[in-house]
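Asker:
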Amino acid sequence: MASIPRYFFISLLVLHSLLFSFVKCDDEEDNLLKGINSYRASLNLKTLRENDKAKCLADEMADQFKDQPCTNTTGANTVPGTEPQFSDYPKLLSKCKLNVTTTRDGMIMPACVPNLVPDLVLSNFTKSQYSNYLNDTKFSGVGIGSDDNWMVVVLTTSNPEGSFTPDNSSANLVFQLGLISHAVFLLVAFLILL
150 MASIPRYFFI SLLVLHSLLF SFVKCDDEED NLLKGINSYR ASLNLKTLRE NDKAKCLADE
210 MADQFKDQPC TNTTGANTVP GTEPQFSDYP KLLSKCKLNV TTTRDGMIMP ACVPNLVPDL
270 VLSNFTKSQY SNYLNDTKFS GVGIGSDDNW MVVVLTTSNP EGSFTPDNSS ANLVFQLGLI
330 SHAVFLLVAF LILL
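One point on numbering: in the numbering used here, the residue at position 137 of the sequence shown is 286, and numbering is uninterrupted.
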């Protein structure tokens, strides 16, 4: 009977741990969403609906935070106005096909909890400065992302300025049409020169 190479078992272990980490992140995010919606229900507020674009931004933001240590100046413990600013925020919006005009009224809430202990994560949102936003009836949607010890909740509204709808602005459309017309012009010019 042929023996199975050792690297095969190592590969299986690595694959299992990767799959487990993805499932673990989804479970942590799902648990937080259930907890937040239970909290809102206890206040007779509507549940928050998942928003894919807000989730994309939450994932991107969590990725940006992951290398920052948990301190009393990060996440829910941050004194308002001292939050870290991201110079690449426009790039993060672009990755998620968003623009600032449809995210202006949204709210980004990062929290750092070692090992993302579920009860502590939930209390970092419901028993902190973030509870004011969770209690606000203007928010109707949510996106949740996590990475390492960081959980990021992005709240959306129903109005155009906070709906997190894809970037279909006229400026973006004009820009895309301009690129297309230049490409067509270059193609025609190239064909004529042949």
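Positions of the beta carbon are idealized from the N, C-alpha and C atoms, including for glycine.
1) Leu291 and Asn180: beta carbons closer than 9 angstroms?
2) Mind checking Gly255: buried by the 16 CB within 10 Å criterion, or exposed?
3) So, at 8 angstroms on beta carbons, what are the nonlocal neighbours of Lys244 in its own chain, with the 5 sequence-adjacent residues on each side left out?
4) Along the chain, where does the beta strand (DSSP E) containing Cys261 start, and where does it finish?
5) Mind checking Glu178: buried by the 16 CB within 10 Å criterion, or exposed?
6) Decide if Ser187 is buried, meaning its Cβ has at least 16 other Cβ atoms within 10 Å, or exposed.
7) Taking DSSP's pairing of strands, which residues face Val303 in a bridge?
8) At the 9 angstroms Cβ level, is Leu206 part of the contact set with chain B, yes or no?
9) Quick check: the Cα distance between Pro239 and Thr250, rounded to an integer number of angstroms?
10) How long is the line joining the alpha carbons of Gln278 and Ser307, rounded to whole angstroms?
Answerer: With the structure as the only source:
1) Checking the sequence, you will find Val at residue 291 rather than Leu. It is not a contact, given that the beta carbons lie outside the stated cut-off.
2) buried
3) Cys205, Glu209
4) 256 to 261
5) buried
6) exposed
7) Ile257, Gly292
8) Looking for chain B here will not work: only one protein chain is present.
9) 11 angstroms
10) 22 angstroms
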